[in-house]
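Here the protein sequences come in this chain order: C and V. Residue numbers for the first sequence follow the numbering used here, so the first one is 455 and each next one is one higher. Residue numbers for the second sequence follow the numbering used here, so the first one is 455 and each next one is one higher. Report on one structure; see the data block that follows.
There are 2 protein chains.
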Amino acid sequence: MSALQRIRVVLNGPSHPGNIGASARAMQAMGLSQLVLVAPRCFPHPEASARAAGAAPLLDSATVVDSLDSALRGATLAIGFTARPREFAGAVRAVRDAAAEAIEYASRGDVALVFGGELSGLSNADLARCQVVATIPAAARHASLNLAAAVQVAAYELFVAAEGNAVWIAPAFESAGLEAIEALYAHAERTLAAMRFLNPDQPRRLLPRLRRLFARTRLEKAEVDILRGVLARIDQLIERSRNHAR
Amino acid sequence: MSALQRIRVVLNGPSHPGNIGASARAMQAMGLSQLVLVAPRCFPHPEASARAAGAAPLLDSATVVDSLDSALRGATLAIGFTARPREFAGAVRAVRDAAAEAIEYASRGDVALVFGGELSGLSNADLARCQVVATIPAAARHASLNLAAAVQVAAYELFVAAEGNAVWIAPAFESAGLEAIEALYAHAERTLAAMRFLNPDQPRRLLPRLRRLFARTRLEKAEVDILRGVLARIDQLIERSRNHAR
């Protein structure tokens with residue numbers, strides 16, 4: 455069982471069915487599957503299903519319970535989310551650090567992420583049931599994230615903590631060899647001189663600047679071929695105009 | 455001007471006004487303020503205002519334009535978001551790395567984060583206008599984040615890249631000094647022996663286990679006082695029962 459499968463998301467008293475559906479969608483995108491609803495005001499509800507979109511099966515398999523105790527049953531770590539400082543909350547961790555701890559714990563037991571309702575969040579009594587209190591860094595202390603947005607950020611951090619930050623590999627293009635790149639610079643220098651854009655006696659900083667520009671691009675083999683082709687075409691034009699001038 | 459203030463969020467052809475409002479709220483929570491809408495299907499709209507909640511002023515000051523070109527005017531870096539691999543997208547970066555680059559750029563110029571509409575995302579032509587293509591790591595290639603959820607994750611990563619991952623400081627409680635902690639252990643050992651819970655001739659692993667438990671807690675001064683008080687009360691009870699037994 456993967457770590458993400460041992461993590462449940464608990465929404466404690468959610469008011470708006472749209473947020474329940476959007477939370478389900480956020481979870482599914484990040485590989486989470488266990489949604490627990492404590493005394494939701496309206497559920498099931500068409501708005502929840504609409505916002506869940508492709509995560510309707512996850513929403514349909516959500517567990518509905520009537521107390522936070524029931525929601526935490528069987529878990530070994532509870533992480534409560536708050537947007538506000540609390541006098542006795544003790545140390546509050548950023549969601550990124552809390553996600554790392556959740557994934558570590560999930561290798562040996564079930565973990566619950568607990569979110570309060572839209573109106574007032576988790577009560578102090580609810581937070582006291584959680585060993586870890588977490589928050590999402592935000593611009594102002596009282597800047598409130600929407601409930602489903604908070605679930606999305608937490609689920610994203612769990613996914614990155616579990617699976618890493620790698621994204622799919624871009625289609626592989628062959629990188630240019632350094633000899634081919636040096637040959638390109640040499641060709642460019644000859645052509646620029648033939649064009650009389652570069653004065654070999656007063657080269658100023660043109661060549662170093664071109665090197666700096668192309669160094670940043672990590673040239674691919676096909677790109678070097680294109681640039682050599684452009685240079686060769688310029689060489690032809692110069693040659694032709696010389697013949698013409700004779 | 456802070457880096458976050460030089461970053462605009464461009465929604466290219468959003469269909470659902472709710473997502474426009476929710477994006478505004480996500481931005482405000484993370485310290486972003488410039489929202490640009492390219493040919494929104496319905497805007498302004500009551501659903502946008504409702505989902506914006508406290509970010510209504512940000513929503514009201516959104517710029518509406520009719521082309522992506524107009525939306526990118528004045529920017530020096532455009533980062534396009536996609537959930538799908540594209541043959542010619544080149545390297546795709548994870549949102550965390552793209553956010554770090556955006557913040558670095560924003561110290562010298564305006565940066566645009568570009569998100570496509572709900573139905574089909576950014577076209578290849580749109581992505582070609584962006585120097586950086588970014589994606590949000592997710593469980594499955596085709597797992598789609600809701601548009602506003604994607605804006606929330608990106609805005610969160612920008613905020614963390616700009617302002618760091620620190621959260622507010624918990625109310626400072628004074629940590630216990632190591633001498634006080636050692637005195638606590640010594641007291642506990644005496645009391646446990648007096649209680650006959652600990653046999654000094656066969657202590658087994660009781661004392662090391664208690665040390666290990668409390669070592670994890672980072673004892674505070676007031677907590678040591680409470681624990682010493684409990685031990686002293688036990689000492690009294692033992693004393694009283696001895697007197698009683700006489």
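Cβ atoms here follow ideal geometry from the backbone N, Cα and C, with glycine treated the same way.
Per-residue contacts from Gly-485 (chain V) into chain C (C-beta, under 9 Å): Position 31 of the second sequence, counted from the first residue, corresponds to residue 485 (chain V). Those within 9 Å of Gly-485 (chain V) in chain C are Ala-592, Ala-593, Ala-594, Ala-597.
Element boundaries [alpha helix (DSSP H), containing Ala-504 (chain C)]: On the first sequence, position 50 is the one that residue 504 (chain C) refers to. From DSSP, the alpha helix (DSSP H) with Ala-504 (chain C) extends over 500-506.
From C:Arg-650, C:Asp-679, C:Tyr-559, C:Asn-466, residue whose alpha carbon lies closest to that of Gly-575 (chain C): For the purposes of this step, residue 575 (chain C) is taken as the residue at position 121 of the first sequence. Closest by alpha carbon: C:Asn-466.
Local Cβ density within 10 Å of Glu-636 (chain C), reported as buried at 16 or more and exposed below that: As a working note, residue 636 (chain C) is residue 182 in the first sequence. It is exposed - the Cβ of Glu-636 (chain C) has fewer than 16 other Cβ atoms within 10 Å.
Within-8 Å CB hit, Arg-547 (chain C) to chain V: For the purposes of this step, residue 547 (chain C) is taken as the residue at position 93 of the first sequence. For Arg-547 (chain C), the answer is yes, since a Cβ of chain V falls inside 8 Å of its Cβ.
Cβ-Cβ distance between Val-568 (chain V) and Tyr-559 (chain V) below 8 Å: Here residue 568 (chain V) refers to the residue found at position 114 when the second sequence is read from its first residue. Here residue 559 (chain V) refers to the residue found at position 105 when the second sequence is read from its first residue. Not a contact, by the Cβ cut-off of 8 Å.
Burial state of Ile-680 (chain C) (16 or more Cβ within 10 Å): In the first sequence, counting from the first residue as 1, residue 680 (chain C) sits at position 226. Exposed, since its Cβ has fewer than 16 Cβ neighbours within 10 Å.
CB of Ala-548 (chain V) within 8 Å of CB of Gln-482 (chain C), strictly: Translated into the one-based positions of the second sequence, residue 548 (chain V) becomes position 94. Translated into the one-based positions of the first sequence, residue 482 (chain C) becomes position 28. Between Ala-548 (chain V) and Gln-482 (chain C), the gap from beta carbon to beta carbon reaches 8 Å or more.
Neighbourhood of Arg-672 (chain C) by C-beta distance below 8 Å, restricted to the same chain and skipping five residues each side: The residue you call residue 672 (chain C) lines up with position 218 of the first sequence. Closer than 8 Å at the Cβ level, and outside the excluded window around Arg-672 (chain C), lie Ser-629.
Straight-line Cα distance separating Thr-517 (chain V) from Leu-489 (chain V): Position 35 of the second sequence, counted from the first residue, corresponds to residue 489 (chain V). Position 63 of the second sequence, counted from the first residue, corresponds to residue 517 (chain V). Going from the Cα of Leu-489 (chain V) to the Cα of Thr-517 (chain V) covers about 6 Å.
The beta strand (DSSP E) enclosing Thr-569 (chain C), as first and last residue numbers: Locating residue 569 (chain C) in the first sequence gives position 115, counting from the first residue. Looking at the sequence shown, residue 569 (chain C) is not Thr but Phe. Counting along the chain, the unbroken beta strand (DSSP E) around Phe-569 (chain C) starts and ends at 564-570.
Pro-511 (chain C) to Val-678 (chain V) span [Cα, whole Å]: By one-based count along the first sequence, residue 511 (chain C) stands at place 57. By one-based count along the second sequence, residue 678 (chain V) stands at place 224. Their backbone Cα atoms lie some 51 Å apart in a straight line.
Sheet register partners of Gln-488 (chain C) (DSSP bridge): The residue you call residue 488 (chain C) lines up with position 34 of the first sequence. The partner list for Gln-488 (chain C) (beta bridge, DSSP) reads C:Arg-462.
Ala-478 (chain V) versus Gly-631 (chain V) - alpha carbon distance: One-based indexing of the second sequence puts residue 478 (chain V) at position 24. One-based indexing of the second sequence puts residue 631 (chain V) at position 177. Taking the straight line joining both Cα atoms gives about 48 Å.
Strand pairing of Leu-526 (chain V), partner residues [DSSP]: Locating residue 526 (chain V) in the second sequence gives position 72, where the first residue counts as 1. DSSP output for Leu-526 (chain V) lists no bridge partner at all.
Collapsed DSSP secondary structure at Phe-668 (chain C) in the structure displayed: Residue numbering aside, residue 668 (chain C) sits at position 214 when the first sequence is read from its first letter. Helix at Phe-668 (chain C).
The region 598-608 of chain V touching the region 592-612 of chain C, judged by at least three CB pairs closer than 8 Å: yes
Straight-line gap, Val-621 (chain C) to Pro-591 (chain V) (C-alpha atoms, nearest Å): Stepping through the first sequence from its first residue, residue 621 (chain C) is reached at position 167. Stepping through the second sequence from its first residue, residue 591 (chain V) is reached at position 137. One C-alpha to the other measures close to 6 Å.
Of the residues C:Phe-613, C:His-499, C:Gln-585, the one placed nearest Ala-480 (chain C), counting alpha carbons only: The residue labelled residue 480 (chain C) in the question sits at position 26 within the first sequence. Per the Cα distances, C:Phe-613.
As assigned by DSSP and simplified to three states, the class of Arg-547 (chain V): Taking the second sequence and counting its residues from 1, the one referred to as residue 547 (chain V) is at position 93. Strand at Arg-547 (chain V).
DSSP beta-bridge partners of Ser-629 (chain C): Here residue 629 (chain C) is taken as the residue at index 175 of the first sequence, counted from 1. In DSSP, Ser-629 (chain C) forms a bridge with C:Glu-674.
Ala-603 (chain V) Cβ short of 7 Å to the ligand ADP heavy atom set: Among the ligands in the structure shown, none appear at all, so the ligand ADP cannot be discussed.
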